[in-house]
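To start, the structure under review is shown below, and the notes come after it.
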Amino acid sequence: MNNTIIDDLNWRYATKKYDSEKKISAKDFEIICESLRLVPSSYGLQPLKYLVIDDKSTREKLLPLAYNQPQIIDASHLIVLCSFSKITPIEIKNHLELMSAVRNEPLSNYERFGENMQKTFSNLSETATSEWTTRQAYIALGQIIHTCANMRIDATPMEGFDKSAFDEALNLTSNNLQSVLLLALGYRSPEDKLSSLPKVRKPLSEIIEIVK
Ligand SMILES: Cc1cc2nc3c(=O)[nH]c(=O)nc-3n(C[C@H](O)[C@H](O)[C@H](O)COP(=O)(O)O)c2cc1C
């Protein structure tokens, strides 16, 4: 299939071994950050925060908490995708104010919308809210994987880490945050044998069903 989107998606793979000498340029990283900023979310609420772990000693501390996966150290950038643990009336108020300011409309235009949101979240348990915000982080993951592939920057989505240990090490809980996913970014090492393996995917006939 001759298509640039499909080329991007075939080019990418979950990189295991990064070239630790190759760093993403500041200019490219700016694009990655802007793609994260543009991620859609339910209600537009954006209950997410992205921690870019720049400090080497912090990465070393996190390594054993992520089953010693080498990407933690070798990737150019390591991002912890976090979501809000709770949605409080303050988050809702902040969102309404942002909408009103960005769109230059009176806050009262968003009153009904705010009441609906408030009602939804007051009916959700803490666990259900944390699961809801967690799902928003997966949307960011999907988007950023394609952004990076388009830029020919490698990316590894990672769920293989101890979330509670990360939350503690990065002092997330007291900041209303929970770690959801890790994202290692950088450039593949020529020694990564995974890069040349064919993609293992089910045939289209098994995953797409036209309901008539
Ligand atoms: C949510 C999620 C979590 C993953 N966690 C890890 C991980 O902790 N470590 C790792 O090396 N790969 C991880 N992967 C990569 C998958 O194993 C990989 O995407 C899958 O085998 C398909 O291969 P491909 O991405 O190379 O096409 C994860 C992928 C996803 C989507």
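Just so we're aligned: the sequence shown equals residues 336 to 547 in the working numbering. Each residue gets a CB set at the ideal place from its N, CA and C atoms; glycine is no exception.
Using a threshold of 7 Å, is the CB atom of Gln404 nearer than that to any non-hydrogen atom of ligand 1? Along the sequence shown, one-based indexing puts residue 404 at 69. It does: the Cβ of Gln404 is within 7 Å (strictly closer) of some heavy atom of ligand 1.
Can you list the beta strand (DSSP E) stretches of 3 or more residues lying completely in the region 490-532, in chain order? 512-521
Under 6 Å, CB to any heavy atom of ligand 1. Which residues pass, going along the chain? Tyr348, Ala349, Lys351, Gln404, Thr491, Pro492, Met493, Glu494, Gly495, Lys534
Per-residue burial, Gly495 [other beta carbons within 10 Å of its own, 16 or more giving buried]: Reading the sequence shown from its first residue, position 160 is the one you call residue 495. By the neighbour-count rule (16 or more Cβ atoms within 10 Å), Gly495 is not buried but exposed.
Go ahead and pull the three-state DSSP assignment for Leu416. In the sequence shown, residue 416 corresponds to position 81, counting from 1. In this structure, Leu416 counts as strand in the three-state DSSP scheme.
Leu386 - DSSP class collapsed to helix/strand/coil: As a first step, residue 386 is located in the sequence shown; it is residue number 51 there, counting from the start. Reduced to three states, the DSSP call for Leu386 is strand.
Local conformation of Ala349 per DSSP, three classes: What you label residue 349 is simply residue 14 of the sequence shown in a count that begins at 1. Three-state result, Ala349: strand.
Could you please give the first and the last residue of the uninterrupted alpha helix (DSSP H) stretch that includes Lys454? Here residue 454 refers to the residue found at position 119 when the sequence shown is read from its first residue. 446-457 is the span of the alpha helix (DSSP H), which, as asked, contains Lys454.
Can you grab the Cα-Cα spacing for the pair Pro525 / Asp354, in whole Å? For the purposes of this step, residue 525 is identified with residue 190 of the sequence shown, where counting begins at 1. For the purposes of this step, residue 354 is identified with residue 19 of the sequence shown, where counting begins at 1. Cα to Cα, the separation comes out at about 8 Å.
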